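Every letter in the sequence shown is one number past the one before it in the UniProt record's numbering, and letter 155, counting from 1, is 155.
Note that the Cβ used here is the ideal one computed from N, Cα and C, for glycine as well.
Since this is a predicted model, take the numbers as computed values, not measurements.
Report on the following structure.
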Amino acid sequence: MVLYTSPFPNSFLSVLHSFSWGLIFPCYWLADRLVGSFVPTTYEKRQRADDPCYFHALCIIITTPIYLALLVASLPFALIGFLLWSPLQSARRPYIYSRLKDKNHANGATLLTEWKAAGSGKSFCFGSANVCLLPDSLARFNNVFNTQARAKEIGRRIRNGASRPQIKIYIDSPTNTSISAASFSSLVSPQAGDNRTVNAGIKRTTSMEYKGDNCGSNNGEENREDKGGSGEPHEGEENTCIVRINGEENGHMSDTETDTVNGQARASGPAEPPLEGDAEISKTPNHKQKEGDSGSIDSCSASRESLVKVRVGDGTVDQSTVNNKLLYKASIMKKTSVRKKKHTDETFDHEISAFFPANLDFLCLQEVFDKRAAEKLKEQLHHYFEYIVYDVGVYSCHGCCSFKFVNSGLLFASRYPVMDAAYHCYPNGRGMDSLASKGALFLKVQVGSTPQDQRIVGYISCTHLQAIAGDTTVRCEQLDMLQDWLSEFRKSTSSSSTANPEELVAFDVLCGDLNFDNCSSEDKLEQQHSLFTHYKDPCRVGPGEDKPWAIGTLLDPEGLYDEEVCTPDNLQKVLESEEGRKGYLVYPTSKNHSSSQKGRKASLKGNGRRIDYMLYTEEGLYLEWKVEVEEFSFITQLAGLTDHLPVAMRLMVSTGEDDP
Numbered sequence: 001m002v003l004y005t006s007p008f009p010n011s012f013l014s015v016l017h018s019f020s021w022g023l024i025f026p027c028y029w030l031a032d033r034l035v036g037s038f039v040p041t042t043y044e045k046r047q048r049a050d051d052p053c054y055f056h057a058l059c060i061i062i063t064t065p066i067y068l069a070l071l072v073a074s075l076p077f078a079l080i081g082f083l084l085w086s087p088l089q090s091a092r093r094p095y096i097y098s099r100l101k102d103k104n105h106a107n108g109a110t111l112l113t114e115w116k117a118a119g120s121g122k123s124f125c126f127g128s129a130n131v132c133l134l135p136d137s138l139a140r141f142n143n144v145f146n147t148q149a150r151a152k153e154i155g156r157r158i159r160n161g162a163s164r165p166q167i168k169i170y171i172d173s174p175t176n177t178s179i180s181a182a183s184f185s186s187l188v189s190p191q192a193g194d195n196r197t198v199n200a201g202i203k204r205t206t207s208m209e210y211k212g213d214n215c216g217s218n219n220g221e222e223n224r225e226d227k228g229g230s231g232e233p234h235e236g237e238e239n240t241c242i243v244r245i246n247g248e249e250n251g252h253m254s255d256t257e258t259d260t261v262n263g264q265a266r267a268s269g270p271a272e273p274p275l276e277g278d279a280e281i282s283k284t285p286n287h288k289q290k291e292g293d294s295g296s297i298d299s300c301s302a303s304r305e306s307l308v309k310v311r312v313g314d315g316t317v318d319q320s321t322v323n324n325k326l327l328y329k330a331s332i333m334k335k336t337s338v339r340k341k342k343h344t345d346e347t348f349d350h351e352i353s354a355f356f357p358a359n360l361d362f363l364c365l366q367e368v369f370d371k372r373a374a375e376k377l378k379e380q381l382h383h384y385f386e387y388i389v390y391d392v393g394v395y396s397c398h399g400c401c402s403f404k405f406v407n408s409g410l411l412f413a414s415r416y417p418v419m420d421a422a423y424h425c426y427p428n429g430r431g432m433d434s435l436a437s438k439g440a441l442f443l444k445v446q447v448g449s450t451p452q453d454q455r456i457v458g459y460i461s462c463t464h465l466q467a468i469a470g471d472t473t474v475r476c477e478q479l480d481m482l483q484d485w486l487s488e489f490r491k492s493t494s495s496s497s498t499a500n501p502e503e504l505v506a507f508d509v510l511c512g513d514l515n516f517d518n519c520s521s522e523d524k525l526e527q528q529h530s531l532f533t534h535y536k537d538p539c540r541v542g543p544g545e546d547k548p549w550a551i552g553t554l555l556d557p558e559g560l561y562d563e564e565v566c567t568p569d570n571l572q573k574v575l576e577s578e579e580g581r582k583g584y585l586v587y588p589t590s591k592n593h594s595s596s597q598k599g600r601k602a603s604l605k606g607n608g609r610r611i612d613y614m615l616y617t618e619e620g621l622y623l624e625w626k627v628e629v630e631e632f633s634f635i636t637q638l639a640g641l642t643d644h645l646p647v648a649m650r651l652m653v654s655t656g657e658d659d660p
């Protein structure tokens with residue numbers, strides 16, 4: 001299958017399309033500004049709290065006639081442009097495939113080594129997020145604004161979070177296997193090639209052993225020495241640092257002991273210079289930068305500073321020196337303690353994280369509707385992801401039953417090459433959703449090859465269902481179509497036979513904003529859909545019941561800019577508390593309660609509406625391999641930038657072979 005690298009088949013149509021859009025854009029921009037001036041966000045209201053009450057009204061009175069006059073003047077040109085633009089959409093391609101040609105631009109990414117399926121297995125990390133990048137006037141109805149600046153900041157945060165090293169800590173203790181972020185909240189990774197055991201005076205802890213020789217390095221092509229332990233990095237697991245703590249009584253460390261470890265680890269290794277082009281600090285209007293805000297990480301040095309709590313003793317420390325140290329917050333792995341949790345039997349880790357997972361391989365985004373914002377987002381993501389599929393969807397009346405003003409809003413980014421891609425539009429959208437070409441994007445990626453030259457591939461699908469509450473029948477019909485399209489895409493892109501397989505399928509993942517949860521009584525039909533018999537939901541026990549640790553992914557828009565949740569760290573702390581969640585997550589609706597989220601905490605049950613899903617299946621995969629969830633995360637790194645919580649899942653593909 002040929003991947004489309006431009007929206008039109010020839011340059012003449014592209015020029016004509018640009019000309020027609022140039023005639024439309026002034027009218028579109030003025031209308032957007034005019035409507036937006038009447039829909040203030042809570043952030044803007046707070047900013048104006050100290051201004052005289054008449055000041056904003058005076059600004060509206062002055063600017064509205066100007067916008068209206070210019071809007072009327074631009075209407076004739078917009079009409080001519082529309083008459084040219086609309087028929088051109090019949091020749092438009094359903095997506096644009098962008099591949100980074102200059103790999104030096106991807107300064108935050110780790111170089112990937114091709115998986116040869118020779119080891120015990122390999123892990124793949126998937127992320128999904130609804131980023132609410134609508135035209136500014138429409139985004140304001142979700143209490144977010146400044147779409148262009150948000151797009152750039154979202155891209156920066158994602159690629160900075162994903163490009164940090166993956167640090168794992170395993171606790172071996174006879175009596176207490178848990179370790180908290182408060183008792184051991186930070187760890188400094190050793191420099192590349194520094195294989196020394198880090199010894200410290202730690203009570204009840206005999207050793208803290210560093211394993212893995214490329215932690216903190218952007219070169220993932222060096223071979224690893226296999227130790228044969230269960231906590232060792234698997235083949236192809238780049239940029240990973242593993243620390244094992246063997247304790248006699250418990251795995252807890254005091255603040256003094258943590259300082260000792262941090263001080264000894266900081267003492268080795270030269271400072272690493274910040275990434276090129278990342279020195280400037282973002283000025284995103286709807287996220288006010290505060291001390292200790294770890295979410296706005298625009299540079300390599302800034303992200304390192306925010307990923308760890310640095311303790312400074314007596315004396316003066318040069319801040320620039322601290323920024324350039326290789327300081328990273330550890331990803332705490334509580335494997336044994338997770339198994340001991342009541343009413344749970346899963347063996348994978350789960351957490352609420354302030355950062356996107358390290359070594360993120362695939363990213364699926366929804367609601368990237370604004371074209372200019374999509375370009376800014378793509379530019380930032382290309383610092384980490386080499387392959388991006390964006391501007392997905394159809395316009396005008398082409399391909400769907402009703403007129404489409406905006407695309408599907410889907411965007412896919414990958415560190416692995418895309419082999420095939422397909423898009424389908426849901427024809428049954430209703431209300432406001434019918435104006436967007438909501439649908440599903442299907443992709444096939446190559447993640448490696450066997451010594452026998454068989455391709456190792458994976459399938460990823462991204463979708464966004466009908467959003468209007470009460471449209472249960474519409475969503476069920478869309479889920480039916482989604483299953484049919486999934487099957488058709490697998491058949492049309494498969495080049496293998498059972499007797500002579502040319503390809504080995506490693507994983508099949510489905511993610512997106514499904515706009516229903518697994519707890520609301522109004523969503524019973526969707527909860528019982530046959531899709532969940534083929535695809536597994538790591539957060540779900542069964543229809544109508546989520547696992548106790550699963551939380552909602554839909555934030556209450558009214559509280560986005562509250563001091564308690566406006567930074568990733570603050571939002572993480574709030575969501576870790578059951579009482580805190582009740583104030584800032586949207587919960588299943590009830591006829592007995594008012595629509596207001598505040599003031600009715602006692603009546604709320606569950607952990608919020610989880611409408612963003614990450615599913616996987618074991619059907620149709622290579623029979624000799626096994627796929628298991630390694631970890632699942634709810635992510636707060638986009639706090640203040642969207643009204644959804646991103647989710648991430650790491651899958652382990654086990655080949656059943658022993659490491660050489």
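Flag this pair as yes or no: are the beta carbons of residue i and residue j separated by less than 8 Å?
{"i": "Gly-606", "j": "Val-586", "result": "no"}
{"i": "Ser-20", "j": "His-398", "result": "no"}
{"i": "Thr-42", "j": "Tyr-561", "result": "yes"}
{"i": "Thr-493", "j": "Asp-391", "result": "no"}
{"i": "Leu-554", "j": "His-644", "result": "yes"}
{"i": "Phe-369", "j": "Leu-133", "result": "yes"}
{"i": "Cys-539", "j": "Phe-442", "result": "no"}
{"i": "Tyr-535", "j": "Val-505", "result": "no"}
{"i": "Gln-466", "j": "Arg-430", "result": "yes"}
{"i": "Arg-150", "j": "Gln-380", "result": "no"}
{"i": "Val-406", "j": "Cys-425", "result": "no"}
{"i": "Cys-59", "j": "Leu-360", "result": "no"}
{"i": "Phe-356", "j": "Gln-637", "result": "yes"}
{"i": "Gly-656", "j": "Glu-624", "result": "yes"}
{"i": "Asp-556", "j": "Gln-366", "result": "no"}
Per DSSP, residue i is paired with what?
{"i": "Ala-440", "result": "His-424, Thr-463"}
{"i": "His-56", "result": "DSSP lists no partner for His-56."}
{"i": "Met-614", "result": "Cys-511"}
{"i": "His-644", "result": "Leu-554"}
{"i": "Tyr-387", "result": "Arg-99, Ser-414"}
{"i": "Leu-504", "result": "Ile-456"}
Starting from residue i, trace the beta strand (DSSP E) both ways and give me its first and last residue.
{"i": "Gly-542", "result": "540-542"}
{"i": "Lys-367", "result": "The question names Lys, but residue 367 in the sequence shown is Glu. Where Glu-367 is concerned, the enclosing beta strand (DSSP E) stretches over 362-368."}
{"i": "Lys-582", "result": "Careful: Lys-582 lies outside any beta strand (DSSP E), inside the alpha helix (DSSP H) at 578-584."}
{"i": "Lys-524", "result": "Run containing Lys-524: none in the beta strand (DSSP E); it sits in the alpha helix (DSSP H), 524-527."}
{"i": "Pro-434", "result": "It should be pointed out that residue 434 corresponds to Ser in this sequence rather than to Pro. Neither: Ser-434 is in no beta strand (DSSP E) and is coded neither H nor E."}
With 16 other CB atoms within 10 Å as the buried threshold, where does residue i fall?
{"i": "Thr-567", "result": "buried"}
{"i": "Phe-12", "result": "exposed"}
{"i": "Asn-160", "result": "buried"}
{"i": "Thr-197", "result": "For Thr-197, the predicted structure reports a pLDDT of 37, less than 50, and the residue's modelled location is therefore unreliable. The matter cannot be settled from this model."}
{"i": "Tyr-54", "result": "exposed"}
{"i": "Thr-175", "result": "With a pLDDT of only 48 at Thr-175, under 50, the local geometry of the prediction cannot be trusted, and the value read off the model is given with reservation. The residue is exposed, with fewer than 16 neighbouring Cβ atoms inside 10 Å."}
{"i": "Pro-548", "result": "exposed"}
{"i": "Pro-135", "result": "buried"}
{"i": "Thr-347", "result": "exposed"}
{"i": "Ala-49", "result": "exposed"}
{"i": "Phe-141", "result": "exposed"}
{"i": "Ala-358", "result": "buried"}
{"i": "Gln-452", "result": "exposed"}
{"i": "Leu-72", "result": "The sequence given here has Val at residue 72, not Leu. By the 10 Å Cβ count, Val-72 comes out exposed."}
Along the chain, where does the alpha helix (DSSP H) containing residue i start, and where does it finish?
{"i": "Cys-27", "result": "11-36"}
{"i": "Gly-121", "result": "No alpha helix (DSSP H) contains Gly-121, which is instead part of the beta strand (DSSP E) from 121-133."}
{"i": "Glu-44", "result": "42-47"}
{"i": "Ile-158", "result": "147-162"}
{"i": "Lys-378", "result": "371-381"}
{"i": "Thr-477", "result": "It is Glu, not Thr, that sits at residue 477 in the sequence shown. Counting along the chain, the alpha helix (DSSP H) containing Glu-477 begins and ends at 472-493."}
{"i": "Val-574", "result": "568-575"}
Throw me the rounded Cβ distance for the residue i and residue j pair, which I believe falls under 8 Å.
{"i": "Met-652", "j": "Cys-511", "result": "The Cβ separation is near 17 Å, so there is no contact."}
{"i": "Leu-23", "j": "Tyr-67", "result": "Not really, about 18 Å apart at Cβ, beyond 8 Å."}
{"i": "Ser-414", "j": "Val-445", "result": "6 Å"}
{"i": "Lys-116", "j": "Ser-495", "result": "Not confirmed; about 20 Å, so no contact."}
{"i": "Met-649", "j": "Val-629", "result": "6 Å"}
Confirm the yes/no value for this check: CB of residue i, any heavy atom of the ligand ZN, distance under 7 Å.
{"i": "Gly-606", "result": "The ligand ZN is absent from the structure shown, which contains no ligands of any kind."}
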